[in-house]
Amino acid sequence: MFYDLASSTWGDEELQALQRVIASGQLTIGSHVRQFEEDFARKFGVKHALMVSSGSAANLVGVAALFHKRERPLQRGDEVIVPPISWATTYYPLQQYGLRLRFVDVELETLNMDVSQLERALTPRTRMVMAVSILGNPCALDVVRAFCDRHGLYLFEDNCESMGASLNGKPCGTFGDINTFSTFFSHHISTMEGGVLATDDTELYHLARSMRAHGWTRDLPPDTTIYERRDDDFFEAYRFILPGYNARPLEIEGAVGIEQLKKLDRFVEIRRQNAALFRSLFEGDERFIIQREHGRSSWFAFTLVLNPAVAVDRRAVMDALKQAGIGYRIITGGCFLRHDVIKYFDYDTAGEIVHAHVAHDRGFFVGNHPTDLTLQIQRLREVLDRAAVARGTHAFVQTSE
Ligand SMILES: Cc1ncc(COP(=O)(O)O)c(C=O)c1O
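In the numbering used here, the protein residues as written are 51 to 451.
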């Protein structure tokens, strides 16, 4: 493929880290995962980081933990405000825990939740907002945080697509009461599979830590407030206190994560250089709506929505990309309301959902990588220039270059 969606970001350091762990014989969770968690918490300036088996697992364990907080726990039937564009496993734990979803449309330019509609989405049952920064581009997290504080709501930040991004100098993935990250292969750092839950709330951290491993007590420090330790080691060794999971990562994932994290800033810099080229070639072209950066994006990928005001045939564009060996996908799974699985959800919408449907029907993304993509992006421009022919009365207007 000439221009793939993702590529490996590993070097010798990661391979050596793998070898060290294998040689040590300690393959299940241990000191490398612990070290990665400490490095991660320090890097992002959060009190606690918990590595889990995937970003999806981080969302699941995070939602589960909120149901067991001593004060103000989430309860079945509570409402959560969500954007209609996100990954499926942003929503699944909400459904699995009996929460009601209230969808608020996205802005077409940023592809993030339109926060001007938050107040109208609020009901007496609202308990939480799920904020998602799409493909590296920060959501208006400061506005969402202030809204949550004003109304006593939890903020759950699913930052699985935007590691390394920031808003007003504050890293994405630190605005929420719970924040989640993915370290799956194509993401900003890769531990093959993997995810991280980050929080400043020590009670939530202990709840999540127990739920990551069978709901047992073994990994909890003696001063935890989530249970009272008894003076009998025999029963304490296998003591179950919460209906949890096994969402633990492997030791090799932790070891690779340590090396990848050291490279994150450089990776993001290169991604941003590619983005500068992408923007210079596509900004001002009326045929394409590209993602407008809000804050400092870590540019997971490049999105293009075929402007509904210009009659370009989506099929012809997709065919041309395929023929040119350029990988593409619907934007983050498209509009979640359009998927069959929605029939299992209790939900409604606050206002009309318009932009998410446009992005679903007329949007796609191509990859960004932490390597120089000058040739690939130039080729993308040529291919799209030829394939995206405006039909009907709308003439193509090129306003940049
Ligand atoms: C917004 C969002 N949340 C959650 C996930 C799930 O992460 P993982 O693939 O590590 O399970 C993804 C995956 O890309 C995502 O984009």
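Think of the CB as a built atom: it goes at the ideal place given N, C-alpha and C, for glycine as much as any other residue.
Residue i: CB within 7 angstroms of a non-hydrogen atom of ligand 1
i, result
"Asn-109", "yes"
"Val-182", "yes"
"Leu-139", "Note that residue 139 is Thr in the sequence shown here, rather than Leu. Yes - ligand 1 has a heavy atom lying nearer than 7 angstroms to the Cβ of Thr-139."
"Thr-382", "yes"
"Gly-245", "yes"
"Ser-232", "yes"
"Cys-189", "no"
"Glu-211", "yes"
"Ser-348", "no"
"Ser-136", "yes"
"Gly-208", "A small correction: the amino acid at residue 208 is Asp; Gly does not occupy that position in the sequence shown. At least one heavy atom of ligand 1 is nearer than 7 angstroms to the Cβ of Asp-208, so yes."
Contact check, residue i vs residue j, beta carbons under 8 angstroms
i, j, result
"Gly-223", "Ala-263", "no"
"Ala-171", "Gly-226", "no"
"Gly-413", "Phe-52", "no"
"Tyr-142", "Phe-386", "no"
"Cys-210", "Thr-241", "no"
"Val-96", "Asp-250", "yes"
"Val-408", "Pro-358", "yes"
"Trp-349", "Arg-316", "no"
"Leu-300", "Thr-59", "no"
"Asn-162", "Glu-343", "no"
"Ile-228", "Leu-116", "yes"
"Leu-151", "Tyr-397", "yes"
"Leu-68", "Val-355", "no"
"Ala-415", "Leu-185", "Checking the sequence, you will find Phe at residue 415 rather than Ala. For Phe-415 and Leu-185, yes; Cβs fall inside 8 angstroms."
"Glu-88", "Met-101", "no"
"Val-154", "Ile-135", "no"
"His-118", "Leu-257", "yes"
"Ser-57", "His-419", "yes"
"Leu-203", "Thr-176", "yes"
"Glu-243", "Thr-267", "no"
"Ile-339", "Arg-329", "no"
"Val-362", "Ala-297", "no"
"Phe-197", "Leu-217", "no"
"Val-391", "Ala-138", "yes"
"Met-261", "Ala-114", "yes"
"Gly-304", "Gln-85", "yes"
Enclosing alpha helix (DSSP H) for residue i [first to last residue]
i, result
"Gly-307", "301-332"
"Gly-17", "The first residue shown for the chain is 51 and the last is 451, placing residue 17 beyond what the model contains."
"Asp-369", "364-373"
"Met-242", "Neither: Met-242 is in no alpha helix (DSSP H) and is coded neither H nor E."
"Ile-135", "Segment: none, Ile-135 is in no alpha helix (DSSP H) and carries neither H nor E."
"Asp-283", "283-286"
"Leu-254", "252-262"
"Ser-57", "Run containing Ser-57: none; DSSP gives neither H nor E here."
"Arg-70", "62-74"
"Arg-152", "Where Arg-152 is concerned, there is no enclosing alpha helix (DSSP H), although the beta strand (DSSP E) it sits in stretches over 150-153."
"Ser-81", "81-94"
"Leu-191", "191-201"
"Arg-170", "168-171"
Contact test: residue i Cβ vs ligand 3 heavy atom, cutoff 7 angstroms
i, result
"Ser-104", "Absence of ligand 3 is noted for the structure shown, with ligand 1 being the only ligands found."
Residue i: first and last residue of the uninterrupted beta strand (DSSP E) it sits in
i, result
"Ala-99", "98-102"
"Phe-352", "351-356"
"Ala-181", "176-182"
"Glu-207", "204-208"
"Phe-338", "338-340"
"Phe-231", "228-232"
Cutoff 8 angstroms: residue i Cβ touching any chain D Cβ
i, result
"Thr-173", "The structure shown contains no chain D, having only a single protein chain."
Along the chain, which unbroken stretches of the alpha helix (DSSP H) at least 4 residues long are found entirely within the stretch 392-436?
405-412
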